[in-house]
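Visitor: Structure in structure tokens, see below.
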Amino acid sequence: MKKMRNESNLRVTFSKRRTGVFKKASELATLCGVDVAVIMFSPGNRVFSFGSPSVDSVVQRYKTQGPPPLLTLDLNKVHSTADEVELHTHLHCLSNQIAIEKKRTKDLNHLAKAAEDQFWWARPIESMTDSQLDKYKKMLEEFKRQLKEKCGNLN
């Protein structure tokens with residue numbers, strides 16, 4: 001893996017990757033109940049950070065090399081973490097449903113377009129464009145010719 005040379009591509013890639021890394025850190029903190037801190041410097045030397053519960057508390061704990069105090073176990077935090085896990089699960093389900101509905105909408109739009117293209121002559125003549133009217137006229141003339149031919153073969 002090499003550093004990108006194109007400055008514009010580098011900035012765009014950093015912006016996309018940064019949100020992805022922060023999202024993964026948030027999921028890790030929520031699902032595993034761990035404290036997380038992510039600090040990034042952009043190509044333009046701007047600082048971006050994400051922390052759960054906060055960057056300061058995680059960095060302070062890292063500096064002291066100690067575990068969190070056991071005596072300060074807060075039941076509200078336990079319930080909050082459980083609520084976060086439940087909300088994250090619900091969000092994941094809703095995201096999946098949205099993706100399914102988007103695909104369904106896309107498929108239905110394709111079917112509607114195909115049906116419209118296939119049966120365009122069933123629409124009112126007033127709503128047709130000039131090219132559709134010309135095509136409609138030619139198809140009717142061809143149908144009339146084929147009908148005369150078939151009727152002639154019957155006699």
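Numbering (UniProt numbering), first residue to last: 1 to 155.
Yeah, the Cβ is synthetic: ideal placement off N, Cα and C, and Gly gets one too.
Please state the DSSP three-state secondary structure of S42.
Guide: The residue you call residue 42 lines up with position 42 of the sequence shown. Three-state result, S42: coil.
Visitor: Can the beta-carbon of S42 be found closer than 9 Å to that of F22?
Guide: For this step, residue 42 is matched to residue 42 along the sequence shown. For this step, residue 22 is matched to residue 22 along the sequence shown. Contact flag unset, no.
Visitor: Can you tell me where the alpha helix (DSSP H) holding G152 begins and where it ends?
Guide: Your numbering for residue 152 matches position 152 in the sequence shown. Per DSSP, G152 belongs to the alpha helix (DSSP H) from D130 to L154.
Visitor: Counting pairs of beta carbons, one from the segment 103-112 and one from the segment 43-55, are three or more of them closer than 8 Å?
Guide: Touching, no, given that fewer than three Cβ pairs across the two stretches are closer than 8 Å.
Visitor: Consult DSSP for V58 and reduce its assignment to one of helix, strand or coil.
Guide: Translated into the one-based positions of the sequence shown, residue 58 becomes position 58. Reduced to three states, the DSSP call for V58 is helix.
Visitor: Considering just the uninterrupted stretch of the alpha helix (DSSP H) at S8, what are its terminal residues?
Guide: The count along the sequence shown starts at 1 and reaches residue 8 at position 8. Run containing S8: E7 to C32, per the alpha helix (DSSP H) assignment.
Visitor: Name the residue from G33, A25 and N109 whose alpha carbon lies nearest to the alpha carbon of E86.
Guide: The sequence position of residue 86 within the sequence shown is 86, counting from 1. Ranking G33, A25 and N109 by Cα distance to E86 puts G33 first.
Visitor: Quick one: what's got a C-beta closer than 7 Å to V59's C-beta in the same chain, skipping five residues either side?
Guide: The residue you call residue 59 lines up with position 59 of the sequence shown. Excluding residues within five positions, the ones whose Cβ falls inside 7 Å are A37.
Visitor: Taking the Cβ atom as the reference point for each residue, do H110 and E27 lie within a distance shorter than 9 Å?
Guide: For the purposes of this step, residue 110 is taken as residue 110 along the sequence shown, with counting starting at 1. For the purposes of this step, residue 27 is taken as residue 27 along the sequence shown, with counting starting at 1. Against a cut-off of 9 Å, the Cβ pair of E27 and H110 comes out as no contact.
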